[in-house]
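Letter by letter, the sequence shown follows residues 680 to 1120 in my numbering.
Positions of the beta carbon are idealized from the N, C-alpha and C atoms, including for glycine.
Since the model is a prediction, treat every value here as computed from it, not as a measurement.
To start, the structure under review is shown below, and the notes come after it.
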Amino acid sequence: MGELRVGAAEVDITPKLGSVLAGSLSPRYAEDVSYPLLSKAVVFDDGERQVAYVQNDLIILVREQFDVAKARAQELTGIPAENIMMSATHTHYGPATYSMFEVPAEEEYVAWAVERVGDAVKLAQNRLEPAVIGHTSGFCPEETHNRRWWMRDGSVQMNPAVASEELVRPAGPTDPEVALLVAETLDGEPIAAIANYSLHYVGSAGNVISADYFGAFAEALQRMAGAGFVAIMANGCCGDINNVDRTKAPSGEPRPYPDYQVDRVGNALAAECWKRWSQLDERIEDATVGAATAYPVYRRRTRAEEEQRTVAGGMRATEQIGSKWPQFVESYAREREAMDRMPLEMETVVQALRIGDMAMVGFPGEFFVEYGLNTKRSSPLARTMTIELANDWIGYVPTDAGLDQGGYETWLARSARVAKGSEKLFLDAAADCLDRLAEEE
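In structure tokens, the structure reads:
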């Protein structure tokens, strides 16, 4: 372990107007740009090893797409692909990167963008300089809400009507922690800030391209710090989390402007991070960096299993879909046909990076919040961030209990494919990565 160096950079990956937007079951087309989409990279070098984290303002990338970006980064930098963690923010206001339901992927865009993602790592490496790092955390409980609710009829629903008399209680917890890792020059100038919060996208109005609250956060934190640096908000485990308090009736007033809620949430998180950053006393110049990867093999559900599960819950899967989105029953049927052509068992990636005495754990999909809470609680490192949509996308990953409860996140499709019994598989994979990193000196 030698002198720590850190470098950071970002590249623009905003698509052209007219691009197909992701985030809906039917296509939308980009008409304007609100917050540009960026790929942001931070490289850490302890004198013996280099590791990199790259965040991308995209809804998802699958493993094959991430692997292309990592291969380019490795070719340009010499950093081994297994030392590079990449993730997506899950903005629903970016280009479609994967064909699903009725939305076709922007294939030409994806081919261009993944090369740019690799470029971001090289640009960050070019900017390596002696640095100090520190980490801290705060809390922002008012912006995170579990979107799954137990209803009076005994069912669990995603996003039920707000202030409904049918609401009983949330079906799961939230994670209000806002973790923060900062890197500064030896003169105290910011190089990069990586924050972590468990919240799905917030959403703009209209068919706009937008980095969502992730972009608003970055701009706000840069204003507060009064400096130009790379600011990242990484998505925590939030497959069952959003920004809507369903116990409160809406005011009835329109948003003052389309990005009002995006900006409000981004500003709130930036303010909490800046407050904690300003109070941060300890920074270190010498820090071990490392990476560990596991390749768990998960099993997908079959139609027969899904039928058995939903019938046991009192309503067949097609009836559940038809009751919420009757216009998409045929789309779900096509998704099931696509799943029939997939292997029953598939390999994916769980990865952890170590930066000094803290860690970042990457999960490959939209993981329920309990995965993050449990991983952080059991981590042997001083502080742990959990980052979803990292290195792969395998759809929603409920807990075993969440799968039994049902709801949108469990309706069989490529976006909800993981079989019951996978909870322990993924938690064990994360724990194994963290244990291996904790042993490194």
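Would residue i pass as a contact of residue j if the rule is Cβ separation under 8 angstroms?
i, j, result
"Val-733", "Val-793", "no"
"Arg-978", "Glu-1119", "no"
"Leu-948", "Val-857", "yes"
"Ala-913", "Ile-873", "yes"
"Gly-813", "Tyr-876", "no"
"Val-941", "Ala-895", "yes"
"Ala-862", "Ala-850", "no"
"Val-909", "Val-721", "yes"
"Ile-1066", "Gly-1041", "yes"
"Ser-713", "Glu-689", "no"
"Arg-1093", "Met-764", "no"
"Arg-955", "Val-811", "no"
"Thr-756", "Glu-808", "no"
"Ala-842", "Thr-926", "yes"
"Asp-1071", "Val-730", "no"
Tell me which residues share the same chain as residue i and place their Cβ nearer than 7 angstroms to its Cβ, disregarding the 5 neighbours each side in the sequence.
i, result
"Leu-1082", "Thr-1089, Lys-1099"
"Asp-924", "His-824"
"Glu-781", "Leu-704, Ser-705, Pro-706, Ser-1010"
"Trp-829", "Val-835, Val-847, Arg-848, Ala-850"
"Ala-1061", "Asp-1036, Met-1037"
"Met-1039", "Tyr-732, Met-764, Ala-1031, Leu-1032, Met-1064, Ile-1066"
How big is the Cα-Cα spacing for residue i and residue j?
i, j, result
"Leu-683", "Ala-1095", "41 angstroms"
"Cys-1112", "Thr-967", "15 angstroms"
"Tyr-974", "Glu-1026", "6 angstroms"
"Trp-1004", "Leu-1106", "33 angstroms"
"Met-837", "Gln-1084", "11 angstroms"
"Pro-1022", "Pro-1059", "35 angstroms"
"Val-685", "Gly-1044", "28 angstroms"
"Leu-1091", "Arg-826", "19 angstroms"
"Val-789", "Val-847", "43 angstroms"
"Ala-1117", "Pro-937", "45 angstroms"
"Ile-922", "Val-976", "In the sequence as presented, Ile is not what sits at residue 922; that position holds Asn. Between Asn-922 and Val-976, the C-alpha separation is close to 32 angstroms."
"Ser-957", "Glu-822", "22 angstroms"
"Tyr-1075", "Ser-930", "31 angstroms"
"Ile-803", "Ala-884", "The sequence shown places Ala at residue 803, rather than the Ile named in the question. Ala-803 and Ala-884: Cα-Cα distance of roughly 33 angstroms."
"Thr-972", "Glu-844", "46 angstroms"
"Pro-933", "Trp-791", "38 angstroms"
"Val-1097", "Tyr-892", "28 angstroms"
"Gln-753", "Ala-687", "16 angstroms"
"Gln-1006", "Ala-1012", "12 angstroms"
"Glu-727", "Ala-928", "56 angstroms"
"Pro-759", "Thr-981", "36 angstroms"
"Asp-691", "Pro-715", "7 angstroms"
"Arg-902", "Ile-911", "14 angstroms"
"Gly-833", "Gly-1086", "12 angstroms"
What is the residue span of the alpha helix (DSSP H) that residue i lies within?
i, result
"Met-779", "It is not in any alpha helix (DSSP H) - Met-779 carries neither H nor E in the DSSP assignment."
"Ser-1058", "Counting along the chain, Ser-1058 falls outside any alpha helix (DSSP H), and DSSP gives it neither H nor E."
"Ala-803", "786-805"
"Lys-749", "742-756"
"Ile-719", "For the record, residue 719 in the displayed sequence is Lys; it is not Ile. It is not in any alpha helix (DSSP H) - Lys-719 instead sits in the beta strand (DSSP E) that spans 717-724."
"Ala-1117", "1101-1117"
By the DSSP assignment, the beta strand (DSSP E) with residue i in it spans what residues?
i, result
"Asn-914", "909-914"
"Met-764", "763-767"
"Gly-905", "Run containing Gly-905: none; DSSP gives neither H nor E here."
"Val-847", "846-849"
"Asn-946", "Here Asn-946 belongs to no beta strand (DSSP E); instead the alpha helix (DSSP H) covers 939-957."
"Ile-738", "Unbroken run through Ile-738: none, as it is neither H nor E."
"Glu-961", "Looking at the DSSP string, Glu-961 is not in any beta strand (DSSP E), and its letter there is neither H nor E."
"Arg-827", "827-830"
"Glu-1026", "1024-1026"
"Tyr-977", "976-978"
"Met-837", "835-837"
Based on the DSSP output, what are the partners of residue i in its beta bridges?
i, result
"Asp-711", "Val-887"
"Ala-859", "According to the sequence shown, residue 859 is Leu rather than Ala. Paired residue(s): Thr-815, Ala-874."
"Phe-1046", "Val-1076"
"Trp-1004", "None; Trp-1004 has no bridge partner."
"Val-699", "Tyr-708"
"Thr-967", "According to DSSP, which records beta bridges pairwise, Thr-967 is partnered with nothing at all."
"Asp-691", "Leu-717"
"Pro-929", "According to DSSP, which records beta bridges pairwise, Pro-929 is partnered with nothing at all."
"Leu-1032", "Ala-970, Met-1039"
"Gly-686", "Val-722"
"Pro-809", "Arg-684"
"Gln-987", "Looking at the DSSP assignment, Gln-987 forms no beta bridge with any residue, so it has no partner."
If I measure Cβ to Cβ from residue i and keep anything under 6 angstroms in the same chain, skipping five residues before and after, which residues do I get?
i, result
"Leu-737", "Ala-767, Gly-773, Thr-776"
"Gly-882", "none"
"Tyr-880", "His-769, Thr-770, His-771, Asp-891"
"Lys-801", "Leu-755, Thr-756"
"Asn-762", "Val-730, Ala-970"
Excluding the 5 residues preceding and the 5 following residue i in the sequence, name in chain order all residues of the same chain whose CB lies nearer than 8 angstroms to its CB.
i, result
"Phe-818", "Pro-855, Glu-856, Val-857, Glu-951"
"Glu-785", "Pro-694, Ser-698, Val-699, Pro-774, Ala-775, Thr-776"
"Asn-886", "Leu-700, Arg-707, Tyr-708, Ala-709, Glu-710, Asp-711"
"Glu-1014", "Met-779, Phe-780, Leu-1091, Ala-1092, Arg-1093, Ser-1094"
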